[in-house]
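The structure appears right after this line, and notes come after that.
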Amino acid sequence: MEDQIFAMEHIILDQQLQGRDQIFNVLASKGSELDAAEKEEDILEGIQEREEMSTTNVGRGVAIPHCKSAKIKKTTLLFIRLQNAVEWEGDEEKVKLVVSLKNNMSLRLHRKSIYF
21 MEDQIFAMEH IILDQQLQGR DQIFNVLASK GSELDAAEKE EDILEGIQER EEMSTTNVGR
81 GVAIPHCKSA KIKKTTLLFI RLQNAVEWEG DEEKVKLVVS LKNNMSLRLH RKSIYF
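Here the sequence shown stands for residues 21 to 136, where the numbers follow the numbering used here.
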């Protein structure tokens, strides 16, 4: 279904990624592949800008890098489980799970559409 926020192809398991920047690149590439934005660079730029504001490491091995931009065409949720945990600013515990949301800033995403 083309308007799904989350589907099986949005899950990336056991990736051998070396750090946050490499994770951001994979998120941008996959988001572009899923047609979340016209250009991969638009997604990458949005994720990096958000991370500069404050770390998206929420602790317990989880990070939630995300981007909200007018350049995002459709809301997309991605999930990555890393093979090996990586250093991430914000918590002493390394990150192993990454959940990433790309959302168009002009669209209001109702929580109910994600959780129910």
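We put the CB at the ideal spot given by N, CA and C, even for glycine. Computed from a predicted structure; not experimentally measured.
Within the segment 28 to 69, the alpha helix (DSSP H) runs of at least 4 residues that lie entirely inside it are, in chain order, 40 to 53. Contact annotation: Ile-67 and Cys-87 have beta-carbon atoms nearer than 7 Å. Cβ atoms of Gly-81 and Glu-53 stay farther apart than 8 Å, at about 26 Å. Rounded to the nearest whole angstrom, the C-alpha separation of Ala-83 and Asp-34 is 16 Å.
Closest in alpha carbon position to Asn-45, among Glu-29, His-30, Leu-64 and Gln-38, is Leu-64. Inclusion of Ala-105 and Val-118 in the CB contact set at 7 Å is not warranted, their separation being larger than that value.
Taking every protein chain shown into account, the CB of Ser-120 has 16 or more other CB atoms within 10 angstroms, so this residue is buried.
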